[in-house]
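Notes follow once the structure below has been shown.
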Amino acid sequence: MSREFITLSHHFLEQQRNYPNATGKFTDLLLQIGVAAKRVSYQVNKAGLMDILGSLGYENVYGESVQKLDMFSHNIYFDALDHMGLLCAIASEEQEEFIPIPEKYPTGPYVFLFDPLDGSSNIDANVSIGTIFSIHRKISQVPRGAEEDCLQPGRKQVCAGYILYGSSTMLVYTAGKGVHGFTLDPGVGEFVLSHPNMQFPSPEKSKNILSINMGNYNQWDSGTQKYIDSISRFSQKPYTYRYVGSLVADFHRTLLYGGIFLYPGSHQKDAKNPYYKLRLLYEAAPLAFIAEQARGKASTGKENILNIFPDSLQYRVPLAIGTKYDVEAYEAYLASIGS
47 MSREFITLSH HFLEQQRNYP NATGKFTDLL LQIGVAAKRV SYQVNKAGLM DILGSLGYEN
107 VYGESVQKLD MFSHNIYFDA LDHMGLLCAI ASEEQEEFIP IPEKYPTGPY VFLFDPLDGS
167 SNIDANVSIG TIFSIHRKIS QVPRGAEEDC LQPGRKQVCA GYILYGSSTM LVYTAGKGVH
227 GFTLDPGVGE FVLSHPNMQF PSPEKSKNIL SINMGNYNQW DSGTQKYIDS ISRFSQKPYT
287 YRYVGSLVAD FHRTLLYGGI FLYPGSHQKD AKNPYYKLRL LYEAAPLAFI AEQARGKAST
347 GKENILNIFP DSLQYRVPLA IGTKYDVEAY EAYLASIGS
């Protein structure tokens, strides 16, 4: 017997009915994100047949090579959202500063922050990649937005989500009432509810997956090195190592199967190797909101990711994210050795 066919628009309209005073703007924004996601998915699926693979030949503000698909995805989302009268500003990982809505368009009560295409350097190898997004309410009095609208802690998010472009395309989101996943049905061109009320598995059902780049072992802080050594040697239920190198793909697997994803800090620093890699506003905070709504947790190892107040759009953090049990075990271990 087939499952009930609930599209993205059906789902959002049902959710909207729970709020009698809703204007519909938030629903319109989420639906337009879905439209942009379908456009990016289409282009990603035929990237090998078009001249949109490889680097553009310059670096972004983080010193990373900008891929053609990064900017392609950035432009698709920007063009889909800037004219709707729903946003006051957009902030993209690919831009050093936030982008006010153009003067020719009306503005709205929300700000949209996103990583247009996480893991894009892997696409030549046909590895899953993704878009991560976050939505905040406007808090400034500036009509077309101000940086303070973007520099809010993750706890203030009204919505966060990601789109995974892989063997199938999935949109996973939370608006503070649980986590729901939709799979793009290519036959009808619609996102269909496939994973309602997603939650991390319990400790008894977890597959104990540890997702970390072991190639960076010598660069990690000493506390994380000791933690990995400890669980590798003494854990009663051994961990299985899995690491794709695409944050969205690694997080999605952790959400489905359990365990923990770690991207720790480094004890080295230079232009190409900052102490921390992941961006709070574009990567860590959105995924942390999803994790918490799925009964998981996200931490720096010492502090809840959602409680951090960023002081710049480029604010970076170490990240431990996964089941609440695994993340708290990591925090407890670091605290026990004074790290």
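Take 47 as the starting number for the sequence shown in the working numbering and just add one per residue. Cβ coordinates follow ideal geometry from the N, Cα and C atoms, glycine included. Remember, it's a predicted structure, so these values are computed and weren't measured experimentally.
* **Residues of its chain near T270, where Cβ-Cβ distance is below 6 Å and the 5 sequence neighbours each way are ignored** => P310
* Asked: In this structure, does DSSP put N172 in helix, strand or coil?
  -> coil
* To do: Locate the alpha helix (DSSP H) running through I277, then write down its first and last residues.
  => 268 to 280
* Considering only C-alpha positions, which residue in the set Y371, M130, Y156 is nearest to I255? -> Y371
* **From G212, P152, T229, S138, residue whose alpha carbon lies closest to that of I181** => S138
* Asked: Between the C-alpha atoms of K348 and V373, what's the straight-line distance to the nearest angstrom?
  -> 10 Å
* Are F280 and A340 touching if we call contact CB-CB under 9 Å? -> no
* **Validate contact between the segment 318 to 333 and the segment 198 to 218 using beta carbons, cut 8 Å, 3 pairs** => yes
* Roughly how many whole angstroms lie between the Cα atoms of M216 and Y208? -> 8 Å
* Asked: The alpha helix (DSSP H) with A366 in it runs from where to where?
  -> Note, A366: premise wrong, no alpha helix (DSSP H); beta strand (DSSP E) at 365 to 369.
* **Environment of G261 [buried if 16+ CB atoms lie within 10 Å]** => exposed
* **Beta-carbon proximity check, D195 vs I178, cutoff 9 Å** => no
* To do: Kindly give me the distance between the Cβ atoms of S385 and D267, rounded to whole angstroms, as I take these residues to be in contact under 8 Å.
  => 7 Å
* Range covered by the alpha helix (DSSP H) that runs through I122 -> 114 to 127
* Length of the line joining the Cα atoms of L308 and D170 -> 25 Å
* To do: With DSSP as the reference, label Y263 as helix, strand or coil.
  => helix
* CA-CA distance, L76 and F144? -> 20 Å
* Segment limits, alpha helix (DSSP H) that includes L76 -> 71 to 91
* For L239 and F133, the rounded distance between their alpha carbons -> Per the sequence shown, residue 133 should be read as Leu rather than Phe. Near 26 Å, if we compare the C-alpha coordinates of L239 and L133.
* To do: Taking I367 and A381 to be in contact with their CB atoms under 8 Å, please state how far apart those CB atoms are, rounded to whole angstroms.
  => Going by Cβ atoms, the distance from I367 to A381 rounds to 18 Å, so no, they are not a contact pair.
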